[in-house]
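To keep things clear, I will list the structure first and then write my remarks on it.
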Amino acid sequence: MDFSMFEAVTHTSDMANMQSRPVHHTENNRRVQYETSTGRFPERTPLAMAYVPCQQWGETYSVEKGLERGTVFPELDLPFAPEEGCL
Amino acid sequence: MNTREKLYRIIQMYGFALDEIRIYLDTHPKCKNGLEYYHRYKKLHDEAVSEYIRLYGPLTANQVENKDSWTWVNEPWPWERSGE
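Line by line, the protein sequences are chains A and B.
Take 60 as the starting number for the first sequence in this note's numbering and just add one per residue.
Take 5 as the starting number for the second sequence in this note's numbering and just add one per residue.
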């Protein structure tokens with residue numbers, strides 16, 4: 060399974076200053092302008108398709124905390140409703 | 005929590021970490037860090053399980069080693085807790 064196509068879609072450090080900016084793209088030599096609302100995706104990313112960024116190895120919780128939180132990967136610890144005393 | 009329950013809890017922790025890393029490795033089969041994590045906790049998990057069996061008897065029914073008696077039915081069941 061080749062996941063490299065998602066490599067570019069990572070949490071880049073300059074996430075903060077990503078504004079929406081028009082992206083110029085030529086298709087059969089006609090200038091086509093795409094408005095990218097988040098600007099996170101590489102240019103020429105096809106529209107109307109869902110993308111899941113590929114998890115990169117990072118820190119892990121202790122096994123004790125992992126069992127308690129329901130995951131050993133902090134980046135996947137995404138409770139729907141933040142419990143009190145947690146945030 | 006008596007020592008049996010503590011060891012049982014540790015086995016659960018290692019077991020869950022293995023559940024997590026197996027899913028990760030399914031999509032990252034060549035990830036060095038992931039593989040190292042798996043082998044580390046696989047070893048710890050298996051050691052804790054054999055320690056539990058040695059001290060308290062089988063954790064699952066197909067871990068009975070006793071030739072004279074079906075020790076699986078002995079009290080307490082692995083998941084049982086003394087009243088806190």
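C-beta: ideal position from N, C-alpha, C; glycine also.
- For Ala21(B), the three-state secondary structure derived from DSSP is helix.
- Val131(A) counts as buried, since no fewer than 16 other beta carbons sit within 10 angstroms of its beta carbon.
- In this structure the segment 69 to 85 of chain B does not touch the segment 16 to 28 of chain B; the number of beta carbon pairs closer than 8 Å is below three.
- By the neighbour-count criterion, in which a residue is buried when 16 or more other Cβ atoms sit within 10 angstroms of its Cβ, Val111(A) is exposed.
- When the Cα atoms are used, Arg26(B) and Val77(B) turn out to be separated by approximately 32 Å.
- Residue-level contact by beta carbon holds for Met17(B) and chain A, with a gap shorter than 7 Å.
- Spatial neighbours of Tyr60(B) in its own chain (CB-CB distance under 7 Å, excluding positions within 5 residues in sequence) are listed in chain order as Arg8.
- At a cut-off of 7 Å between beta carbons, Leu137(A) makes no contact with chain B.
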